[in-house]
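Novice:
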Amino acid sequence: METYPQAELLDQNMDSPPSQQPRDQEQGVPSPWQPSDPGRDNDKHQPRASGLAPVLEVRSPARVQRVRPDEAIDKRAARRAFDRAAATYDGVAVLQREMATRLLERLDYVRLSPKTILDLGAGTGLAVDDLQRRYRSARVLALDFALGMLRLARRRGSLLRRPACLCADAEALPLREGGIDFIFSNATLQWCNDLDRTFAELRRVLVPGGLLMFTTFGPDTLRELRTAWAQVDGHGHVSPFLDMHDVGDALVRAGFEGPVLDAEYLTLTYADLGGLMDDLRGLGATNATRERARGLTGKARWRAMRSAYEVHRQEGRLPATYEVVYGHAWAPMQRVATDGAVSLPVSAIGRRSPG
Ligand SMILES: C[S@@+](CC[C@H](N)C(=O)[O-])C[C@H]1O[C@@H](n2cnc3c(N)ncnc32)[C@H](O)[C@@H]1O
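Each residue of the sequence shown is one higher than the last, beginning at 562 in our numbering.
1. Considering only residues of the same chain and omitting the five flanking positions on each side of LEU837, which have a CB-CB separation below 6 Å?
2. State the Cα-Cα distance for the pair LEU803 and LEU772, rounded to the nearest angstrom.
3. Ignoring anything shorter than 4 residues or poking outside the segment 655-732, list the alpha helix (DSSP H) runs there in chain order.
4. Can you find a heavy atom of ligand 1 that lies under 7 Å from the Cβ of ASN848?
5. Are the beta-carbon atoms of ASN747 and ALA661 separated by less than 8 Å?
6. Going by CA-CA distance only, name the one from ARG667, PHE775, TRP790 that's closest to ASN848.
7. Can you name the residues that DSSP bridges to GLU884?
8. Can you tell me which of the three DSSP states ASP742 falls into?
9. When the distance is taken between beta carbons, is ASP669 closer than 8 Å to LEU708?
10. Quick one: Cα of ALA846 to Cα of ALA648, how far?
11. Report whether the distance from the Cβ of ALA824 to the nearest heavy atom of ligand 3 is below 7 Å.
12. For GLY877, does the count of other Cβ atoms within 10 angstroms reach 16, so buried, or fall short, so exposed?
13. Measure the Cβ-Cβ separation of TRP891 and GLY819 and say whether it is below 8 Å.
14. Look at the alpha carbon of ARG764 and the alpha carbon of GLY816, and state the distance between them as a whole number of angstroms.
15. Determine the contact status of GLU762 and GLU785, defining contact as a CB-CB distance below 8 Å.
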């Protein structure tokens, strides 16, 4: 286990509770929300031999019926927070880096030769170098709504091969239809208010047969913080996160094909709560929910929250649980225009045999 200035990524042993079946599986209905290759998936959960030695509980989280209110995120506040956090982000993004690594590893099993890659919510461009190394002839477009983040992202790569940077909202992409071969998105989709709209946009800009691959967070994320605050006041202090089944349903509604989703828990531990709060601030992941309390939180409420959080302390450390959701899906090979016309990529049209 490697130790970081504040956080430690827990290396729990593998005797996990029995895995919970996704909803559709329970009912005997084939579900898209399962690993595509169970053998590979088991490997994936083995702790790595070197470097970060995470985690984790190998179980899929139970379905949680938690409806996310419309416009739950105050985007202007979120954007400001990410802008401010640009300089500190890389120093505290332990979890995000690990998530990106795990997501990139999944590409080992996908045959892909993209010419254009969109890194959606690229932040400081943590994944840009890896994407460029993996796909040597691809052009990476780093998109983020926080300019401060993009200023750092544009320094990634080499002098001859910088990413193109675009400051824009993931929910309304200023990109032409069908121009992107592969969309990569790490730890960003949870900041979008309308997942249907976002996925529709992603599908629109993907070429037919293009790939979307992402991570996001599920409802158990920061559960200790959520329950500690719930004992103190009625304000939303932690974003409401969508269940992976709902994310999968949204992919299907947007017309994506072959969606596969799974989730695992990663836990960071801290010596004290200040460490967690500093990290969240350093990431820009501050409370941008619309139902947040405005103004400063009083000392008494902070004290009450701290003592409520203490019940979670284990072996001298305070855990912060993250439910990490992984997903991928394909844009359909054919497009149906609003007038009902069907278009296919030329490569999908077979040759007529001579004679
Ligand atoms: C937690 S960071 C992840 C950054 C990067 N993908 C990584 O792995 O380090 C989330 C990023 O998404 C960006 N973001 C959040 N909502 C967005 C939106 N609606 N449109 C574009 N970018 C967004 C934020 O500015 C931030 O840089």
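We put the beta carbon where it would ideally sit given N, CA and C, even for glycine.
Specialist: Judging by the given coordinates:
1. In the sequence shown, the residue the question calls residue 837 occupies position 276. For LEU837, where only same-chain residues beyond five positions count, the Cβ hits under 6 Å are TYR831, ALA881.
2. Locating residue 803 in the sequence shown gives position 242, counting from the first residue. Locating residue 772 in the sequence shown gives position 211, counting from the first residue. Their Cα atoms are separated by approximately 22 Å.
3. 655-667, 689-695, 708-714
4. The residue you call residue 848 lines up with position 287 of the sequence shown. Incorrect: ASN848 has no Cβ contact closer than 7 Å to ligand 1.
5. Here residue 747 corresponds to residue number 186 of the sequence shown, with the count starting at 1. Here residue 661 corresponds to residue number 100 of the sequence shown, with the count starting at 1. Yes.
6. Start at 1 with the first residue of the sequence shown, and residue 848 comes out as number 287. Cα-wise, what sits closest to ASN848 is TRP790.
7. Along the sequence shown, one-based indexing puts residue 884 at 323. GLU884 is bridged to TYR826.
8. Taking the sequence shown and counting its residues from 1, the one referred to as residue 742 is at position 181. Here ASP742 sits in strand by DSSP.
9. Working through the sequence shown from its first residue, we reach residue 708 at position 147. Working through the sequence shown from its first residue, we reach residue 669 at position 108. No, they are not a contact pair.
10. For the purposes of this step, residue 846 is taken as residue 285 along the sequence shown, with counting starting at 1. For the purposes of this step, residue 648 is taken as residue 87 along the sequence shown, with counting starting at 1. The alpha-carbon atoms of ALA846 and ALA648 are separated by roughly 14 Å.
11. Of the ligands one can find in the structure shown, namely ligand 1, none is ligand 3.
12. Locating residue 877 in the sequence shown gives position 316, where the first residue counts as 1. When all chains shown are included, GLY877 counts as exposed.
13. Looking up residue 891 in the sequence shown gives position 330. Looking up residue 819 in the sequence shown gives position 258. Yes, Cβ-Cβ distance for TRP891 and GLY819 is below 8 Å.
14. The residue you call residue 764 lines up with position 203 of the sequence shown. The residue you call residue 816 lines up with position 255 of the sequence shown. Each residue's alpha carbon lies about 8 Å from the other.
15. Within the sequence shown, residue 762 is the residue found at index 201, counting from 1. Within the sequence shown, residue 785 is the residue found at index 224, counting from 1. Against a cut-off of 8 Å, the Cβ pair of GLU785 and GLU762 comes out as no contact.
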